[in-house]
């Protein structure tokens, strides 16, 4: 996919110790979690740099055990117009190890 190709190029340009943040607006796990897991399997020089509670105000409940962030339209209350309309969203921070 184009996203996987762009991410691979971005990672290749990062020095050891550097970080890449990948995010997209998709509910499809193939475009988020599975793509990241595949990238991590194919490269031994990357690791997820986990998001931590409090790092993104209001987002603690969306941080997965793996350290990435995932939202769905069901995550926000429909009765709150200021927060309605959220779409699927995925984000992960990666660190290049070597």
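Numbering (my numbering), first residue to last: 48 to 145. We put the CB at the ideal spot given by N, CA and C, even for glycine. Given the structure is predicted, the values throughout are model-derived calculations rather than measurements.
{"Asked": "Length of the line joining the Cα atoms of residue 55 and residue 74", "Found": "21 Å"}
{"Asked": "Local Cβ density within 10 Å of residue 108, reported as buried at 16 or more and exposed below that", "Found": "exposed"}
{"Asked": "Endpoints, alpha helix (DSSP H) assigned at residue 59", "Found": "49-59"}
{"Asked": "Sufficient close CB pairs (3 or more, under 8 Å) joining the stretch 77-95 to the stretch 134-144", "Found": "yes"}
{"Asked": "Length at least 4, wholly inside the stretch 52-123: the alpha helix (DSSP H) runs in chain order", "Found": "80-89"}
{"Asked": "Residue 60 burial status per 10 Å Cβ neighbour count (16 or more: buried)", "Found": "exposed"}
{"Asked": "One or two residues paired with residue 133 in a DSSP bridge", "Found": "Its beta-bridge partners do not exist; DSSP assigns none."}
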